[in-house]
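Everything below concerns the one structure shown next.
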DNA sequence: GCGATACATTACTTTTTTGTCAAGATTAGG
DNA sequence: CCTAATCTTGACAAAAAAGTAATGTATCGC
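Residue numbers (the working numbering), protein chains in the order written: chain A, 2 to 162; chain B, 2 to 162.
Pasting the structure below:
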């Protein structure tokens, strides 16, 4: 249960684009250098984001990338989904409908936990937009902590009840 | 951001052990067969769980594994932590104190998000014990959905406020 | 004690994920 | 139209994760 390299660096590049003044753009090499990855690697990530409609590119001498939408309309949940959809087919086929290759019975009890975790993460991520991420970092931090606080509170009352 | 193979199968084996009547145990081959993995692979996972003090083994003809503690005292957060600690060093050294190998500045804005996500996942997992997982699967499902509900509610009020 | 059973541990192989390279395609500017 | 800058794309290489094999060690039952 960890954030993959592709997810992290893809997100980092998006953050750079989100910080640009309206109308400007960045090249692959600019983004790559700032993040400490190779241009080729950045190219791959940005291409994924491009395919997914999160960024737009234009080629040629004055080319580069810019966000396809305002940063306030890009949720981290979408970013993460897109970035690991690309490299990853679901780790257990029984979750994707191909039942015949999976030995586990439907009521093994673990499946709802794994699916539930995914939802929890997606919910948390859907509460944060790129704009929040770059605008007020303290705010994001606060948001995350408040969500955590609610969870803990819920857990306690749930148990004691 | 996904559950690794090791995490899933390690947890599955624990669930099997948690379902045993007090005093009984299971061998590697029994667990392996039920989960559709090789005995060797199960051996590796159980060894990790053993090192971590979650299960106990005994060798010989009547050997096998059993939980080291009551299932009600084993939280999924601990299980997951142990299972990916083994194979994984943190994916970005800047998060672990080795700052000099990481190009990213401290205020890049992404770090708190990644760390926060980990906490959210850990918090959710710490609310579920092995006992809950095997006893009342519906209950776990409900717990997860209630946590999600709180998050969504929080998100909405937070935004509209 | 002896042999069978089963865990322990290390080394190795395969697969998956990451990252790199290189040749092609598109655009701006002269 | 030509060149330089830049994205595009597929093939390839390196690293990490997952899984396998094999050898060793402990325990039980006879």
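Using N, Cα and C, we set each Cβ at its ideal position, and we do this for glycine too.
Where residue i meets chain B, residues with beta-carbon distance less than 8 Å
i: residue 145 (chain A); result: 113, 114, 117, 118, 120, 121
i: residue 129 (chain A); result: 114
i: residue 81 (chain A); result: 2
N-terminal and C-terminal residue of the alpha helix (DSSP H) that residue i is part of
i: residue 55 (chain A); result: Here residue 55 (chain A) belongs to no alpha helix (DSSP H), and DSSP marks it neither H nor E.
i: residue 76 (chain B); result: Neither: residue 76 (chain B) is in no alpha helix (DSSP H) and is coded neither H nor E.
i: residue 116 (chain B); result: 112-127
i: residue 39 (chain B); result: Careful: residue 39 (chain B) lies outside any alpha helix (DSSP H) and carries neither H nor E.
i: residue 133 (chain B); result: 131-136
i: residue 5 (chain B); result: Run containing residue 5 (chain B): none; DSSP gives neither H nor E here.
Limits of the beta strand (DSSP E) - the one that residue i falls within
i: residue 65 (chain A); result: 65-68
For residue i, the three-state DSSP class (helix, strand or coil)
i: residue 62 (chain A); result: coil
i: residue 27 (chain B); result: strand
i: residue 97 (chain B); result: Here the model assigns residue 97 (chain B) a pLDDT of 38, short of 50, so the residue's position is not dependable and the matter cannot be decided.
i: residue 20 (chain A); result: coil
i: residue 144 (chain A); result: helix
i: residue 90 (chain A); result: Confidence is the limiting factor: at residue 90 (chain A) the pLDDT is only 49, short of 50, which leaves the residue's position unreliable, though a coordinate-based value still follows. Three-state DSSP puts residue 90 (chain A) in coil, outside helix and strand.
i: residue 162 (chain A); result: Note that residue 162 (chain A) scores 30 on pLDDT, short of 50, meaning its location in the model is unreliable; the coordinates nonetheless yield the value given after this. Here residue 162 (chain A) sits in coil by DSSP.
i: residue 9 (chain A); result: helix
Chain-ordered chain A contacts of residue i [CB-CB under 7 Å]
i: residue 85 (chain B); result: 2, 3
Inter-residue CB distance, residue i and residue j (contact presumed, cutoff 8 Å)
i: residue 29 (chain B); j: residue 47 (chain B); result: 6 Å
i: residue 87 (chain B); j: residue 5 (chain B); result: Actually they are not in contact, since the Cβ atoms of residue 87 (chain B) and residue 5 (chain B) sit about 10 Å apart, beyond 8 Å.
i: residue 125 (chain A); j: residue 118 (chain B); result: 7 Å
i: residue 53 (chain B); j: residue 42 (chain B); result: That belief does not hold up - the Cβ atoms of residue 53 (chain B) and residue 42 (chain B) are roughly 17 Å apart, past 8 Å.
i: residue 27 (chain B); j: residue 15 (chain B); result: So it is not a contact: roughly 11 Å between Cβ atoms.
i: residue 115 (chain B); j: residue 36 (chain A); result: Not confirmed; about 14 Å, so no contact.
i: residue 13 (chain B); j: residue 111 (chain A); result: 6 Å
i: residue 123 (chain B); j: residue 73 (chain B); result: Actually they do not touch by this definition, with Cβ atoms about 19 Å apart.
i: residue 2 (chain A); j: residue 81 (chain B); result: 6 Å
i: residue 75 (chain A); j: residue 50 (chain A); result: Going by Cβ atoms, the distance from residue 75 (chain A) to residue 50 (chain A) rounds to 10 Å, so no, they are not a contact pair.
i: residue 129 (chain B); j: residue 121 (chain A); result: Rounded, the Cβ-Cβ distance is 11 Å, inconsistent with contact.
Near the ligand MN: residue i beta-carbon under 7 Å from a heavy atom
i: residue 19 (chain B); result: This structure simply doesn't include the ligand MN, nor any ligand for that matter.
Query raised in the report: Using Cβ-Cβ distances below 7 Å, what residues of the region 42-70 of chain A are close to chain B?
Result: Within the region 42-70 of chain A, no residue qualifies.
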